[in-house]
Structures are given as structure tokens and as C-alpha cells.
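> Before anything else, here's the structure in question.
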Amino acid sequence: MHKTNPTSREYIVAQLNQNGYVMLHEWRSEEKTISIARSLGTVVDIKTLLPESKHPTVQSLTPGYKTESSSNNYTGTYGLGEFPMHTDLAHWAQPPRYFMLRCQKGSPEVTTNILPCSALNSILEMSTLRRALTKPRQTGQGNIPFLLPLVFRAGNVCGFRWDSLFLVPMNKAAVQVADILSRVLWVKLRMESLTLVKNGDTVIIDNWRCLHGRSKVPESEMDRKLERVYLSEVYT
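Just so we're aligned, residue 0 is where the sequence shown starts under numbering that gives the first Met the number 0, counting upward by one.
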């Protein structure tokens, strides 16, 4: 992939519309992640929306070992192993539309993997996807579980969600989808593997149109650090 140094929001929006993600190399490396995110679009303030989660609006992502006590997150469940392809916050009624990953301490040995949801058309029938219903794996105490369709619509935009860790299939169609996705070889689809190596390397992903994951992390690369922030929209 060729390096680019885009300076316009128009370029970013065009790449998101065309590919479902945009990779920016050493981009605005002297600026804070939150400032960049606010200049791009509407930031999802997780700290205010979910104060009980104790998650900041800008989250630091670092590798860690698998632990039984933290099985409610990806690092606790998979440790340094490969993260499966998924939608971030798929268990929300409406997942955030976009998120930005920004390199603070990079690694050439670890990749962020991205797959356009359209690539699933070759292995899944749309009629099956539209019928598939799931529920969040966990709900708050006393809360009634609510059903989440894998294919959803917001305005004139159609989105897709998937997460084998946080979503539980609730009908035959969803079980069928889960079975197929558990066996698929993602590399045979149109998966892109990106490395965030230098300070300021940034990828912005359309969370409704792409699944993403992470490669295995060698123990020598455990100082890798990314920052993540969610956006409900990107300004045009």
C-alpha cells in the first residue's frame, strides 16, 4: 500500500465510502488523539454514556496475557493470540459507526486485519443474514435481554454486526451464521492486513461495513500501544 499524506477531510470521507477504512501514515503526529477525533466528527463519549464501565473516551490498547478473571474482554479471553474478526461494541443496540486506531508505540510484527462485510456475500446468503437474531452475552442485573439483528438499518445506511465473543445466536439463522463464520478462512476472503508502526500512523474504520481483528502478538512486541476512539459520524 502506498503511503499518503492526506490533508483534506474529503479524501478521508472518499476512502471510507469506497473501502470502508482509510490508512493515514504519520498523520498529525504531534496532536492529541481526542483533538483529531473531534475535528473529524462526533465523538462517542463512552465515559459519560457508560460511567459504570470505567472506560475513558480515548482508550489505550496494549497486549496482555489471557486471564480467567478478565474473560469479558478480548485481551482477557485471547491474550497474545489472534483476535477473531468482529464488530466493535456489537452488543450495543446500535454500534458506533466509526472508530479510529492511532499508533503511540508501533510494531511491524503485529497487524490490524480488516474485512469488508460485502466479502461475506460469497459464503452467506443475505436472506439468512437478514433473519439472524442474537442477544448480548451479558446483560445488566435485572435487565431483560433484547434481540439484536445481525443486519440493521439506520436511516438510509445498512449495517452488519458480528462478534463471536459477545453475541449469542437466538434463532436457526444466527446459529447457521455462527457456524459458517467459525470455520471460514478469512485470508481467502478480501482481508487487508495493516501495520501501525510509526507515531501518528492511523486507521479509521467503518464499523458497520467492515469487520476487524488483530494478528498474534510476539512476546517481544508487548510494548505495542494504540489509542482508540469511537465516532458516531464523520463530517463531510
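Just so it is clear, CB atoms sit at the ideal spot from N, CA and C, and this is done for glycine as well.
Bear in mind that the values here come from a model prediction, so they are computed numbers and not experimental data.
Quick one: residues in its chain with C-beta nearer than 7 Å to the C-beta of Ala-89, no 5 flanking neighbours on either side, listed in chain order?
Arg-160, Trp-161, Asp-162, Phe-165, Leu-166
> Does the beta-carbon of Gly-19 have 16 or more other beta-carbons within 10 angstroms, so that it is buried, or is it exposed?
buried
> If I measure Cβ to Cβ from Arg-208 and keep anything under 8 Å in the same chain, skipping five residues before and after, which residues do I get?
Same-chain partners within the cutoff: Gly-19, Pro-115, Cys-116, Ser-117, Gly-158, Phe-159.
> With distances taken from CA atoms, which of Phe-145, Asn-155, Lys-46, Gly-199 is nearest Met-99?
Gly-199
> Would you list the residues sitting across from Tyr-229 in a DSSP beta bridge?
Phe-98
> Using only the alpha-carbon positions, how far apart do Thr-3 and Glu-25 sit?
Interpretation of Thr-3 is limited by its pLDDT of 45, a score under 50 that renders its predicted location unreliable; the figure taken from the coordinates is listed afterwards. Taking the straight line from one Cα to the other gives about 9 Å.
> Leaving aside the five residues before and after Glu-108 along the sequence, list all residues of the same chain whose C-beta is less than 7 Å from its C-beta, in chain order.
Pro-217, Glu-220
> Roughly how many angstroms lie between the CA atoms of Met-0 and Leu-193, to the nearest whole one?
Interpretation of Met-0 is limited by its pLDDT of 49, a score under 50 that renders its predicted location unreliable; the figure taken from the coordinates is listed afterwards. C-alpha separation (whole angstroms): 9 Å.
> Taking Cβ positions, are Leu-123 and Val-156 nearer each other than 8 Å?
no
> Could you check how far apart the C-beta atoms of Asn-71 and Gln-137 are, in whole angstroms? I think they sit under 8 Å.
7 Å
> Determine the contact status of Pro-95 and Val-43, defining contact as a CB-CB distance below 8 Å.
yes
> Are at least three pairs of beta-carbons, each pair with one atom in the region 73–87 and one in the region 57–65, less than 8 Å apart?
yes
> For Asn-16, is the classification buried or exposed, using 16 other Cβ atoms within 10 angstroms of its Cβ as the cut-off for buried?
Exposed, by the Cβ-count rule.
> Report the residue from Val-57, Pro-50, Lys-53, Lys-46 whose alpha carbon sits nearest the alpha carbon of Asp-35.
Looking at the sequence shown, residue 35 is not Asp but Ile. Comparing Cα positions, the closest option is Val-57.
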